[in-house]
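Engineer: Keeping their order, the protein sequence lines are chains X and P. Going by our numbering, the first residue of the first sequence is number 1, and it counts up by one from there. Going by our numbering, the first residue of the second sequence is number 654, and it counts up by one from there. Yeah, the Cβ is synthetic: ideal placement off N, Cα and C, and Gly gets one too. Take this structure first; my questions come after.
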Amino acid sequence: MRIGVFICHCGSNIAGTVDCAQVAKNATAFPDVAFATDTMYACSEPGQDAIVAAVKEHHLDGVVVASCTPRMHEPTFRRTVERAGLNRYMFEMANIREHVSWIGKDKEANTNKATELVRMAVEKLRRDAPLYTKKFDSVKKVLVIGGGVAGIQAALDCADAGIQVVMVERETSIGGKMAKLDKTFPTVDCSSCILGPKMVDVAQHPNIKLLAASEVTNVSGYVGNFTVSIKRRATYVDWSKCTGCGLCTEKCPSKKTPDKFNEFMGPTTAINIPFPQAIPKKAAINPDYCRKIKDGKCGVCAKVCPTGAINYEMQDEVITEQVGAIVAASGYDLMDWTVYGEYGAGRYPDVITSLQYERLLSAAGPTGGHIQRPSDGKEPKSVVFIQCVGSRDRSIGRPYCSGFCCMYTAKQAVLTKDHIPDSQSYVFYMDIRAPGKMYDEFTRRAMEEYGTEYIRGRVSCIQPNGRGQYLVRGVDTLMGKPVEVLADLVVLAVGVEGAKGAGKLAETLHISYDHYGFFMESHCKLRPVETNTAGVFLAGACQGAKDIPSSVAQGSGAAAKVIGLLSKPQLESDPQISVVDIKRCVGCGKCVDVCPFQAITKQSIRGEVKAQVIEAVCQGCGLCVATCPQGAIQLSHFTDNQILAEVNALCQC
Amino acid sequence: MKFAYYPGCSGKGTSVEYEISTKAVCSALGIYLQELADWSCCGSTPAHATDTLLSAALSARNLSLAAEAMKQSGATKLATPCPSCLANLKTARHHMANQEFRRKVDKLLDSPCPPLGPKGEEPLPETYSILQLLVEDYGLENIAAKVTRPLKGLKIAPYYGCLLSRPAPIMQFDDPENPTSMDRLLEALGAEVVPFPLKTECCGAAMGIPRRDITARLSARLLDAATTFGADMIAVACPLCHMNLDLRQEQAAKASGVSYDMPVLYFTQLMGIALGLPDSDLALDKLSVSPAAALQKIGKEISA
Numbered sequence: 001m002r003i004g005v006f007i008c009h010c011g012s013n014i015a016g017t018v019d020c021a022q023v024a025k026n027a028t029a030f031p032d033v034a035f036a037t038d039t040m041y042a043c044s045e046p047g048q049d050a051i052v053a054a055v056k057e058h059h060l061d062g063v064v065v066a067s068c069t070p071r072m073h074e075p076t077f078r079r080t081v082e083r084a085g086l087n088r089y090m091f092e093m094a095n096i097r098e099h100v101s102w103i104g105k106d107k108e109a110n111t112n113k114a115t116e117l118v119r120m121a122v123e124k125l126r127r128d129a130p131l132y133t134k135k136f137d138s139v140k141k142v143l144v145i146g147g148g149v150a151g152i153q154a155a156l157d158c159a160d161a162g163i164q165v166v167m168v169e170r171e172t173s174i175g176g177k178m179a180k181l182d183k184t185f186p187t188v189d190c191s192s193c194i195l196g197p198k199m200v201d202v203a204q205h206p207n208i209k210l211l212a213a214s215e216v217t218n219v220s221g222y223v224g225n226f227t228v229s230i231k232r233r234a235t236y237v238d239w240s241k242c243t244g245c246g247l248c249t250e251k252c253p254s255k256k257t258p259d260k261f262n263e264f265m266g267p268t269t270a271i272n273i274p275f276p277q278a279i280p281k282k283a284a285i286n287p288d289y290c291r292k293i294k295d296g297k298c299g300v301c302a303k304v305c306p307t308g309a310i311n312y313e314m315q316d317e318v319i320t321e322q323v324g325a326i327v328a329a330s331g332y333d334l335m336d337w338t339v340y341g342e343y344g345a346g347r348y349p350d351v352i353t354s355l356q357y358e359r360l361l362s363a364a365g366p367t368g369g370h371i372q373r374p375s376d377g378k379e380p381k382s383v384v385f386i387q388c389v390g391s392r393d394r395s396i397g398r399p400y401c402s403g404f405c406c407m408y409t410a411k412q413a414v415l416t417k418d419h420i421p422d423s424q425s426y427v428f429y430m431d432i433r434a435p436g437k438m439y440d441e442f443t444r445r446a447m448e449e450y451g452t453e454y455i456r457g458r459v460s461c462i463q464p465n466g467r468g469q470y471l472v473r474g475v476d477t478l479m480g481k482p483v484e485v486l487a488d489l490v491v492l493a494v495g496v497e498g499a500k501g502a503g504k505l506a507e508t509l510h511i512s513y514d515h516y517g518f519f520m521e522s523h524c525k526l527r528p529v530e531t532n533t534a535g536v537f538l539a540g541a542c543q544g545a546k547d548i549p550s551s552v553a554q555g556s557g558a559a560a561k562v563i564g565l566l567s568k569p570q571l572e573s574d575p576q577i578s579v580v581d582i583k584r585c586v587g588c589g590k591c592v593d594v595c596p597f598q599a600i601t602k603q604s605i606r607g608e609v610k611a612q613v614i615e616a617v618c619q620g621c622g623l624c625v626a627t628c629p630q631g632a633i634q635l636s637h638f639t640d641n642q643i644l645a646e647v648n649a650l651c652q653c
Numbered sequence: 654m655k656f657a658y659y660p661g662c663s664g665k666g667t668s669v670e671y672e673i674s675t676k677a678v679c680s681a682l683g684i685y686l687q688e689l690a691d692w693s694c695c696g697s698t699p700a701h702a703t704d705t706l707l708s709a710a711l712s713a714r715n716l717s718l719a720a721e722a723m724k725q726s727g728a729t730k731l732a733t734p735c736p737s738c739l740a741n742l743k744t745a746r747h748h749m750a751n752q753e754f755r756r757k758v759d760k761l762l763d764s765p766c767p768p769l770g771p772k773g774e775e776p777l778p779e780t781y782s783i784l785q786l787l788v789e790d791y792g793l794e795n796i797a798a799k800v801t802r803p804l805k806g807l808k809i810a811p812y813y814g815c816l817l818s819r820p821a822p823i824m825q826f827d828d829p830e831n832p833t834s835m836d837r838l839l840e841a842l843g844a845e846v847v848p849f850p851l852k853t854e855c856c857g858a859a860m861g862i863p864r865r866d867i868t869a870r871l872s873a874r875l876l877d878a879a880t881t882f883g884a885d886m887i888a889v890a891c892p893l894c895h896m897n898l899d900l901r902q903e904q905a906a907k908a909s910g911v912s913y914d915m916p917v918l919y920f921t922q923l924m925g926i927a928l929g930l931p932d933s934d935l936a937l938d939k940l941s942v943s944p945a946a947a948l949q950k951i952g953k954e955i956s957a
């Protein structure tokens with residue numbers, strides 16, 4: 001075998017702390033190495049061309065590149081060696097950047113370690129064999145989880161491209177957080193007016209199947225062929241009959257049901273339609289408050305329903321869908337701000353969240369768009385907004401910026417003045433973060449045209465003064481003085497976190513999530529909509545705090561990835577999968593039990609039970625290899641012999 | 654129940670009514686308080702504001718005495734009525750976990766301080782407030798069972814002051830922003846507790862000496878709030894708070910331009926009334942603002 005070794009400088013990233021020329025020189029002494037050199041940027045076009053040229057000039061059979069992590073450029077270099085006429089699996093990568101140069105400053109030690117990693121790669125390559133991919137069919141259908149604006153955008157873009165879409169929404173209507181907003185920044189246009197038509201499009205699109213009041217409970221399979229279990233929660237209303245007339249909600253006697261859509265700013269009825277533009281516009285019963293379901297007495301809604309849609313006996317139902325790709329768009333929720341004892345920890349009725357304030361501003365909200373304090377229904381004349389409640393606060397373990405609060409606070413201050421011209425708003429802020437298009441201009445307007453008083457500093461406490469107002473005490477760090485403001489209403493810009501249950505969903509989808517319930521993208525800059533699970537993509541605030549334009553953009557981005565994936569006539573399988581040595585297999589079936597992908601079955605060969613790997617299903621995780629008591633299963637490209645050769649190479653250094 | 658007892662200097666002087674009522678209440682409840690022999694200053698405000706080490710050495714000396722006394726008497730915990738002493742004794746013990754600090758303190762003492770030891774069997778005792786021990790160790794139900802004159806109809810603003818629950822990691826007592834122990838204790842006595850939002854706000858503390866104007870303004874804020882929320886009186890657990898709200902009430906009135914007539918009682922005095930203790934155990938005559946009118950609500954007559 002003739003092996004070529006290329007040591008990448010990565011500019012000064014590697015060469016700064018590794019003597020690349022020396023590593024190349026050392027590599028020439030390794031068995032089968034016919035050629036070794038160092039190169040400025042192996043991944044650049046001249047760098048790749050040099051590899052192709054060297055393969056031809058030195059008649060190489062395999063190539064080792066020592067550079068960055070294989071997560072970054074393994075696919076790049078596999079294509080390079082393929083261009084040079086080699087099988088793409090006759091290539092190995094040694095990670096001398098993340099594993100060497102970036103983590104140590106001792107050049108001599110780094111050079112030695114880089115040499116050892118290259119020696120390991122060479123020993124593995126000496127045992128590589130050409131592998132060939134197989135083609136398989138994919139299901140031309142996508143599952144979109146979450147019907148907020150990001151999910152809606154992803155669903156519509158996919159559907160317009162001719163891909164069948166299944167949209168699963170936990171609530172009884174799609175619309176997400178955007179449907180709760182009164183107006184949007186920086187244009188102050190009506191949120192439901194711009195979102196409404198898109199929601200209607202989802203309902204009417206022939207390629208979209210909408211499953212509201214539903215949750216994804218299980219996902220199995222692999223890219224191109226996922227099997228998804230979806231639980232349809234009992235709504236106690238037959239939606240095929242419900243016309244959304246709303247008669248039931250008028251007559252329902254259980255009028256003290258907590259109103260989740262209105263952020264609990266007022267009560268609703270046990271059977272209800274969350275808001276006028278709801279999609280689907282269907283009634284649903286909250287069983288915890290329905291008198292008929294709880295006590296067996298009532299049944300008013302069934303009596304008044306003109307279509308006989310009420311069914312108190314309805315049960316949850318689980319359905320199964322086959323899809324080729326999944327878009328997670330489960331959004332965000334506000335963090336639990338009651339950890340702030342100094343803001344009353346939820347004890348004061350007129351200290352509310354910004355999302356609750358949106359419902360007070362909204363004409364479709366519980367107060368009909370009139371700003372009324374929750375405590376006494378009075379119109380507030382002095383409104384204090386506190387930003388960064390649960391954002392950028394390490395003391396409560398929330399170090400990150402929630403991104404869009406500065407903007408909606410400015411918007412809410414502007415709207416407050418529009419609603420109540422003789423009111424005065426105050427905004428306590430840390431820094432104003434308004435980097436979007438027309439954003440800074442908007443916050444300026446809030447200050448200059450609307451007279452909002454911006455005070456740079458934190459609020460230390462909110463105290464009711466016993467006369468119906470709240471004393472808000474804080475510090476003005478620009479003036480270097482303590483400040484006190486008497487407020488009728490205090491609005492907290494509460495920080496965001498991944499939606500409730502996001503962690504569980506991530507585990508169902510086999511994707512990573514962070515400490516705050518946000519899903520992890522594959523690469524924070526270059527692969528922002530992909531996850532590390534092939535075929536699962538991200539859209540919107542489930543990946544991190546995002547405003548509407550960014551959520552919509554990422555929704556379209558995720559759709560583009562789905563369309564790109566499913567537009568291929570067939571997908572290529574990865575040949576790095578398990579292979580059974582029939583002669584050694586004793587048919588014990590342990591591998592069948594441990595396989596998380598159900599990729600191994602038992603077959604009968606001449607009356608003997610043997611394991612069989614379903615090639616398209618195997619994901620190459622290696623669990624079966626480690627489990628097999630006979631050593632009868634080997635993972636192609638990661639055989640026991642290859643791994644032992646690497647260990648030997650390392651121990652001989 | 655037997656506790657080692659560190660009275661603190663105020664208890665022997667400015668807050669003698671706190672000391673008298675604390676001892677009387679504990680005695681009535683069957684709690685034995687064993688006063689430390691030869692106790693000295695805890696190293697509070699003037700000392701710890703000047704030198705942390707010297708201040709801690711004063712506390713460490715008293716903690717050593719307590720350790721020895723508790724070993725001999727079998728007292729289970731070390732108690733003090735004064736939040737300022739409490740904070741200083743607790744802080745000193747907290748610092749003693751640092752070996753370098755401990756070495757310096759030990760050098761200042763005649764004999765080295767006992768080690769901190771594992772939790773539950775500490776040779777160097779942790780200090781607890783009388784309030785915490787009554788609520789958590791003795792139990793509110795047991796107190797309620799001994800009430801003979803419920804404080805029914807008496808509206809009380811519970812004022813904890815800044816120190817009892819803060820800093821939270823050191824004091825390890827109740828909610829730092831919204832403590833409710835005294836609320837629940839007063840309720841167990843039958844009183845009506847008003848929702849007093851300023852229960853941990855600063856009264857001005859020792860600023861009354863160098864800057865009387867600041868203390869007057871801050872105390873006035875508390876008196877204002879108690880009045881607004883309809884309190885008949887304020888209950889306190891701290892000698893310094895008491896001094897600022899009761900003794901200096903006229904100064905506060907001058908600062909805010911409003912006149913007050915707000916009785917300020919130690920919670921132990923209120924317990925004594927509810928437990929039916931004789932007037933000599935309550936020392937109500939030591940108060941500057943007479944509670945006579947307020948106490949008529951519960952039918953208790955005292956000479957004004």
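If you follow the beta strand (DSSP E) that residue 36 of chain X is in, where does it begin and where does it stop?
Structural biologist: Taken as a continuous stretch (DSSP letters only), the beta strand (DSSP E) holding residue 36 of chain X covers 33 to 39.
Engineer: How would you call residue 29 of chain X, buried or exposed, if buried means at least 16 neighbouring beta carbons within 10 angstroms?
Structural biologist: Label assigned to residue 29 of chain X: exposed.
Engineer: Say whether chain X places a C-beta atom closer than 9 Å to the C-beta of residue 828 of chain P.
Structural biologist: Taking Cβ atoms only, chain X reaches closer than 9 Å to residue 828 of chain P, which makes this a yes.
Engineer: Run through DSSP, which three-state label would residue 95 of chain X get?
Structural biologist: Of the three classes helix, strand and coil, the one that applies to residue 95 of chain X here is strand, per DSSP.
Engineer: Got a sec, what are the start and stop residues for the alpha helix (DSSP H) residue 548 of chain X sits in?
Structural biologist: Unbroken alpha helix (DSSP H) run through residue 548 of chain X: 548 to 566.
Engineer: For residue 696 of chain X, count the other beta carbons within 10 Å of its own beta carbon; 16 or more makes it buried, fewer makes it exposed. Which is it?
Structural biologist: With chain X running from 1 to 653 in the structure shown, residue 696 of chain X is simply not present.
Engineer: Rounded to whole angstroms, what is the Cα-Cα separation between residue 231 of chain X and residue 318 of chain X?
Structural biologist: Near 4 Å, if we compare the C-alpha coordinates of residue 318 of chain X and residue 231 of chain X.
Engineer: Does the separation of the CB atoms of residue 423 of chain X and residue 182 of chain X fall below 9 Å?
Structural biologist: No, the Cβ-Cβ distance between residue 423 of chain X and residue 182 of chain X is not below 9 Å.
Engineer: What residues match up with residue 612 of chain X in a beta bridge as DSSP calls it?
Structural biologist: Residue 612 of chain X pairs with X:601.
Engineer: Suppose contacts are defined by Cβ-Cβ distances below 9 Å. Is residue 807 of chain P in contact with residue 885 of chain P by that definition?
Structural biologist: Yes, Cβ-Cβ distance for residue 807 of chain P and residue 885 of chain P is below 9 Å.
Engineer: Enumerate in chain order the residues of its own chain whose CB-to-CB distance from residue 626 of chain P is below 7 Å, with the five nearest sequence positions on each side excluded.
Structural biologist: Nothing about residue 626 of chain P can be read from this structure; chain P reaches only from 654 to 957.
Engineer: Should residue 701 of chain P be labelled buried (16 or more other beta-carbon atoms within 10 Å of its own) or exposed?
Structural biologist: Buried, since its Cβ has 16 or more Cβ neighbours within 10 Å.
Engineer: Can you check which of these residues, X:432, X:533, X:97, X:121, is closest to residue 655 of chain X by C-alpha distance?
Structural biologist: The displayed coordinates of chain X run from 1 to 653. Any statement about residue 655 of chain X would go beyond what the structure contains.
Engineer: Is the stretch 157 to 164 of chain X in contact with the stretch 263 to 272 of chain X, if contact means three or more CB pairs nearer than 8 Å?
Structural biologist: No, the stretch 157 to 164 of chain X is not in contact with the stretch 263 to 272 of chain X.
Engineer: DSSP state of residue 381 of chain X, grouped into three classes?
Structural biologist: Looking at residue 381 of chain X - three-state DSSP - the assignment turns out to be coil, as it is neither helix nor strand.
Engineer: Tell me where the beta strand (DSSP E) around residue 373 of chain X begins and ends.
Structural biologist: Per DSSP, residue 373 of chain X belongs to no beta strand (DSSP E) and is neither H nor E.
Engineer: Under 8 Å between beta-carbons, which chain P residues line up against residue 342 of chain X? List them in chain order, please.
Structural biologist: Those are 830, listed as they occur along chain P.
Engineer: Three-state secondary structure (DSSP) at residue 81 of chain X?
Structural biologist: Here residue 81 of chain X sits in helix by DSSP.
Engineer: Three-state secondary structure (DSSP) at residue 265 of chain X?
Structural biologist: DSSP places residue 265 of chain X in coil when its eight states are reduced to three.
Engineer: Out of X:239, X:229, X:286, which one is the CA nearest neighbour of residue 255 of chain X?
Structural biologist: When only C-alpha atoms are compared, the closest one is X:286.
Engineer: Could you tell me which of X:229, X:65, X:237, X:166 sits nearest to residue 205 of chain X, measuring between CA atoms?
Structural biologist: Answer by Cα proximity: X:166.
Engineer: Name, in chain order, the residues that DSSP records as bridge partners for residue 8 of chain X.
Structural biologist: Looking at the DSSP assignment, residue 8 of chain X forms a beta bridge with X:39.
Engineer: Sort P:688, P:874, P:711 by Cα distance to residue 734 of chain P and report the nearest one.
Structural biologist: Per the Cα distances, P:688.
Engineer: What did DSSP end up calling residue 747 of chain P once you bin it into helix, strand or coil?
Structural biologist: Three-state result, residue 747 of chain P: helix.
Engineer: Under the rule that 16 or more other beta-carbon atoms within 10 Å means buried, what is residue 259 of chain X, buried or exposed?
Structural biologist: When all chains shown are included, residue 259 of chain X counts as buried.
Engineer: Measuring CA to CA, which of X:468, X:548, X:441, X:47 is closest to residue 10 of chain X?
Structural biologist: With distances taken between Cα atoms, residue 10 of chain X lies closest to X:47.
Engineer: Starting from residue 810 of chain P, trace the beta strand (DSSP E) in both directions and tell me its first and last residue.
Structural biologist: Its beta strand (DSSP E) spans residues 808 to 811.
Engineer: Shortest alpha-carbon distance to residue 61 of chain X belongs to which of X:8, X:1, X:429?
Structural biologist: Comparing Cα-Cα distances from residue 61 of chain X to each of X:8, X:1, X:429, the minimum goes to X:1.
Engineer: Spatial neighbours of residue 761 of chain P within its chain, please: C-beta separation below 6 Å, excluding the five flanking residues on both sides.
Structural biologist: Excluding sequence neighbours, residue 761 of chain P sits near 710.
Engineer: Between P:706, P:667, P:661, which has its C-alpha nearest residue 693 of chain P's C-alpha?
Structural biologist: Of P:706, P:667, P:661, the residue nearest in Cα terms is P:661.
Engineer: What residues from chain X crowd round residue 811 of chain P, counting only those whose CB sits closer than 7 Å?
Structural biologist: Chain X residues near residue 811 of chain P: none, gap ~15 Å exceeds 7 Å.
Engineer: How big is the Cα-Cα spacing for residue 894 of chain P and residue 856 of chain P?
Structural biologist: Taking the straight line from one Cα to the other gives about 6 Å.
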